[in-house]
Structures are given as C-alpha cells and as structure tokens.
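Okay, structure first, notes after.
2 protein chains.
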Amino acid sequence: MPRAVREQQMLDAAVRTFGQRGYRAASMDEIADLAGVSKPLVYLYLNSKEDLFTACIRREAQALTAAVRAGAHPGLPADRQLWEGLRAFFTHTAQNPDGWAVLHLQARTHGEPFAAEVRTMRAEIVAFVTQLILVAAREAHRDPSPAEREVAGLAEALVGAAESLAAWANATPGVSAKQAAATMMNFAWAGLGNLMEGRSWAAPKS
Amino acid sequence: MPRAVREQQMLDAAVRTFGQRGYRAASMDEIADLAGVSKPLVYLYLNSKEDLFTACIRREAQALTAAVRAGAHPGLPADRQLWEGLRAFFTHTAQNPDGWAVLHLQARTHGEPFAAEVRTMRAEIVAFVTQLILVAAREAHRDPSPAEREVAGLAEALVGAAESLAAWANATPGVSAKQAAATMMNFAWAGLGNLMEGRSWAAPKS
C-alpha cells in the first residue's frame, strides 16, 4: 500500500481517537491498532504524538475551509450565499464530528503550537465572511457603505455564533445540519427582532 | 493585613500575569513579586500554580456572570434587557481584559480541569439568555411559541457571537464597549438582512 494512503488511514484513526478521547488520553497504541498498522510505522511516518496531532488539525482545518468555500456560490444573492455556506459548514461538522471536536475543542485546549493552527484557519474563515458581508452591502446599494470596522465585527460575531451552534448541534441528539443552518440563518439574517414577531428568514425550497 | 485581602491581591496579580503571559509562561515568582508578597506565602495561601489558576478562573467567572445579571433589568422590554446585558458584558470584558483572556483563552487552552470551570460558567450564561429569549417571545405574543430547541440554539448562537466579538474588541484598538455592544445588538436583534437595507437596531439615547 502506498505511503500516502497509509498516512491517511493513520490520520483517520488519529482524528477519531483524539476527537473522542481527547488529546491527552489518546494513546499511540490505540491509534495504531485502529489504523491496522504497527506503532513503529506510525512513528516512522508521523514522527511523534505532537506531530500527528498537528497533522490532524491541518487536515481537518483544510477540509472544513474547503467545504465552506465550495458551498458559497459567488453568483447567488448574498443571503443565498450565506445560507449555502452555512449549510456546507453545518453539514461538514455534522458528518465529521470527530474532526470538529479536534478543531473546536482539542486543538484549542492543549496550548501552543496547536491553538495557533486553529487561529490561522479561523482568520481565513473570518476574512471570507467579511468579504461576503461587504458584497451583500454593495448588492443592497447600501449608502453609505458600512464602516470596515463594523463589517469586521459582524463577521467575528457570525463566525463565533456558527462555531458555538455547531458544537451544540453535535452534542444535541436529533438536530440536523439543515436545522442548525436554519437556526443560524434566522439568527444572523432575520435577527431576533423579526423572529419575535414571527418573521423567520424564508429558506429556499431546494 | 487580613488573609482575605492578601489573597485578593495575589489573585489580582495572578489574573494579570496569566492573562498577559499565558498559563504556561507565567511563573509563581513573577506573581508573588507583582502581588508584593513572598512566594512561600502564595503557596501557603493558594497551594499550587494549578490551584491558583483555578481560583482565578472561578473569581473571574463569577464576576462576569454577576456583571451580566446585574445589567439586565427584568422590568425592561426584551430588546432593552438584551441591550443592557450586552453592554454590561462588553463593559466588563473591556475593563477586565486580563480576566477575559483567562476565561476565553487561557482556561480553555490548558486542558482539564480548567476547561470544565469555564464550561460551567458558559452553561449558566446560556441558560440566562435562553430565559431572556423565551420571555421576549412571550412578550411579543408569538403564537405558536418558538420550539424550546430553537430557542436553545439561538441562545448558543448569541453567546458564541458575543464571546467572539469580545475577544475581537479587546484585540482591536479603538473599539469601545458601547460600539461592540451596538454591533452585537445590530447583528442579533436587527439581523444582517435589515442591516443590509440600512435598518439598524435603534439604540436608546441613555
């Protein structure tokens, strides 16, 4: 079996183990067993537990960022773009709960250099959302344009809300990715003021 | 000087050191120096670096929760309650940046049992916001009432957004607590849909 394939199997096993048991409690024996390889081979390919964890964070961060980017189609109106991006985000985090646990919980709770890896991914997603809000404002011909700083703050708020909601959705039985995305869209687009009056964001039928 | 006063001085010094230099890098020598006491006295009163850090997290968590609860007056309309609660939250985190860094960054990035302390505080704040949204829905005579699960999701989203925005506001020079609270209120109450059309949430003059 080629090395690249073996490595992915090791990373699959590692993400599952780190995500479910936590970074500290996870053992290299367990990861090797789950991957169906010998422990020396894991060390040979991925060097150390720290390096293996870093490789997991990078892989999961790239996969999540790619999923969100692929979800938002630049041709759609702003709210549809946001809706599609959020659906992609919640679908990805629901389908990869261990990957999300690695990024949202494990990578941030075991100090540096792991936390820095997640900060980099997060900054990229915040920049993406900032751009999306700026385009939405332009589309709405909002005049004057919202201050750059306000848009940056809104993007930070949106990303924080989505992170929090994804952790909650994964921990709450029976909340689907689509429901989580709809709650997020209601919150972020319609706002509580409208929701209290019974005016939700109207999700497209697709 | 009574022990209780000395302990508070030690905690003041510890919160500042942990918040600014991080849990790992902070030394007990530094903390004792800053508190103006001997290192053995810090160990005598607070036992270990771990226990000192835990005491910091608990004190800062209680202070933050108390500030938010004191901010929201039960007699006000829902949006005013939320506005006052958010102002209290952003004022407190702006005035106590080291305390907020301890809670939001340090306590969550150095494993258990520290992360569990913050989860407890967070659960309390989420429950408080859930209650606030339920009351708001009742006030608006929303019929049928929003599903409990939807409200729980909205509360998670709101708390995640506020956490994220507070970290951003503290890291961005020139963003005042009131501006951060206004951005948050615009996001959470008016929603991006209204903001894009130029309809912000109208802050009370006070």
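Protein sequence lines correspond, in order, to chains G and A. Position 141 (the first sequence) corresponds to 141 in the working numbering; numbering is contiguous. Position 117 (the second sequence) corresponds to 117 in the working numbering; numbering is contiguous. C-beta: ideal position from N, C-alpha, C; glycine also. Just so you know, these numbers come straight off a predicted model, no measurement behind them.
Exercise for the section: Closer than 9 angstroms by beta-carbon distance: list the chain G residues that pair up with V159/A, in chain order. Expected result: Translated into positions along the second sequence, residue 159/A becomes position 159. Within chain G, the residues near V159/A are G160, A161 and S164.
Handout entry: H73/G (DSSP reduced to helix, strand or coil)
Key = Within the first sequence, numbered from 1, the residue matching residue 73/G stands at position 73. The answer is coil: DSSP assigns H73/G none of H, G, I, E or B.
Problem - Under 9 angstroms from the C-beta of V175/A: neighbouring residues of chain G - result: Against the second sequence, residue 175/A aligns to sequence position 175. Contacts between V175/A and chain G, judged by CB atoms closer than 9 angstroms, involve R149 and G153 in chain order.
Handout entry: Same chain, Cβ closer than 7 angstroms to T91/G, neighbours up to 5 away in sequence not counted
Key = Numbered from 1 along the first sequence, position 91 holds the residue referred to as residue 91/G. Here T91/G has A177 as same chain residues with Cβ atoms under 7 angstroms from its own Cβ, once five neighbours each way along the sequence are excluded.
Practice task
Give a yes or no on contact between the stretch 194-201 of chain A and the stretch 169-187 of chain G, applying the rule of three or more CB pairs nearer than 8 angstroms.
Solution key: In short, these stretches do not touch, since the Cβ pair count stays below three.
Problem - Start-to-end residues for the alpha helix (DSSP H) that takes in P40/G - result: Against the first sequence, residue 40/G aligns to sequence position 40. Per DSSP, P40/G belongs to the alpha helix (DSSP H) from K39 to L46.
Handout entry: Given I133/G as reference, the closest of G111/G, L195/G and P74/G once Cα atoms are compared
Key = As a working note, residue 133/G is residue 133 in the first sequence. Looking at the Cα atoms, P74/G is the closest of the given residues.
Handout entry: Bridge-paired residues (DSSP) for H110/G
Key = One-based indexing of the first sequence puts residue 110/G at position 110. Answer is H110/A, bridged to H110/G.
Handout entry: Proximal residues to P113/A (C-beta, below 8 angstroms), its chain only, five neighbours per side dropped
Key = Taking the second sequence and counting its residues from 1, one reaches residue 113/A at position 113. Once the five neighbours on either side are set aside, the close Cβ partners of P113/A are T54.
Problem - Outcome for E139/A when other beta-carbon atoms lying within 10 angstroms are tallied against a minimum of 16 - result: Against the second sequence, residue 139/A aligns to sequence position 139. Exposed, by the Cβ-count rule.
Practice task
May I ask you to list, following chain order, the residues of the stretch 186-199 of chain A that have a beta carbon less than 8 angstroms from some beta carbon of chain G?
Solution key: Taking 8 angstroms as the Cβ-Cβ cut-off against chain G, the residues of the stretch 186-199 of chain A that qualify are N186, F187, A188, W189, A190, G191, L192, G193, N194, L195, M196, E197 and G198.
Exercise for the section: Check whether the Cβ atoms of A88/G and V68/G lie closer than 7 angstroms to each other. Expected result: As a first step, residue 88/G is located in the first sequence; it is residue number 88 there, counting from the start. As a first step, residue 68/G is located in the first sequence; it is residue number 68 there, counting from the start. A distance below 7 angstroms separates the beta carbons of A88/G and V68/G.
Problem - Three-state secondary structure assigned by DSSP to A217/A - result: The structure shown does not extend to residue 217/A, since chain A is modelled only from 1 to 206, so the question has no answer here.
Problem - Segment contact, 8 angstroms Cβ cut-off, at least three pairs: the stretch 124-131 of chain G with the stretch 103-113 of chain G - result: Between the stretch 124-131 of chain G and the stretch 103-113 of chain G there are fewer than three inter-stretch CB-CB distances shorter than 8 angstroms, so the stretches are not counted as touching.
Practice task
Determine the contact status of E150/G and T183/A, defining contact as a CB-CB distance below 7 angstroms.
Solution key: Residue numbering aside, residue 150/G sits at position 150 when the first sequence is read from its first letter. Residue numbering aside, residue 183/A sits at position 183 when the second sequence is read from its first letter. For the 7 angstroms CB-CB criterion, E150/G and T183/A form a contact.
Exercise for the section: Spatial neighbours of P208/A within its chain, please: CB distance less than 6 angstroms, with the 5 preceding and 5 following residues excluded, ordered by chain position. Expected result: Because chain A is modelled from 1 through 206, residue 208/A falls outside the range shown and cannot be assessed.
Problem - Test: T183/G CB closer than 7 angstroms to a CB of chain A - result: Within the first sequence, the letter at position 183 stands for residue 183/G. So, interface residue.
Exercise for the section: Note down the Cα distance separating Q62/G from A167/G, rounded to an integer number of angstroms. Expected result: Position 62 of the first sequence, counted from the first residue, corresponds to residue 62/G. Position 167 of the first sequence, counted from the first residue, corresponds to residue 167/G. Taking the straight line from one Cα to the other gives about 19 angstroms.
Practice task
With DSSP as the reference, label V175/G as helix, strand or coil.
Solution key: As a working mapping, residue 175/G is identified with position 175 in the first sequence. In this structure, V175/G counts as coil in the three-state DSSP scheme.
Exercise for the section: Could you say which of A161/G, C56/G, L165/G and N47/G lies nearest to A115/G if we only look at CA atoms? Expected result: As a first step, residue 115/G is located in the first sequence; it is residue number 115 there, counting from the start. It is C56/G.
Handout entry: Cβ neighbours of A66/A in the same chain (closer than 8 angstroms, five flanking residues each side left out)
Key = What you label residue 66/A is simply residue 66 of the second sequence in a count that begins at 1. Around A66/A: no qualifying Cβ.
Practice task
Could you spell out where the alpha helix (DSSP H) holding L11/G opens and where it closes?
Solution key: For this step, residue 11/G is matched to residue 11 along the first sequence. Where L11/G is concerned, the enclosing alpha helix (DSSP H) stretches over R3 to R21.
Exercise for the section: Assuming G160/A contacts E163/G (C-beta within less than 8 angstroms), just tell me the rounded distance between them. Expected result: Stepping through the second sequence from its first residue, residue 160/A is reached at position 160. Stepping through the first sequence from its first residue, residue 163/G is reached at position 163. The beta carbons of G160/A and E163/G sit about 6 angstroms from each other, so the pair counts as a contact at 8 angstroms.
Practice task
With a 10 Å radius around its C-beta and 16 neighbouring C-beta atoms as the bar for buried, classify D79/A as buried or exposed.
Solution key: Taking the second sequence and counting its residues from 1, the one referred to as residue 79/A is at position 79. So D79/A counts as buried.
Handout entry: Partner residues on chain G for E156/A, Cβ-Cβ distance less than 7 angstroms
Key = For the purposes of this step, residue 156/A is identified with residue 156 of the second sequence, where counting begins at 1. Neighbours of E156/A on chain G, chain order: S164, L165 and W168.
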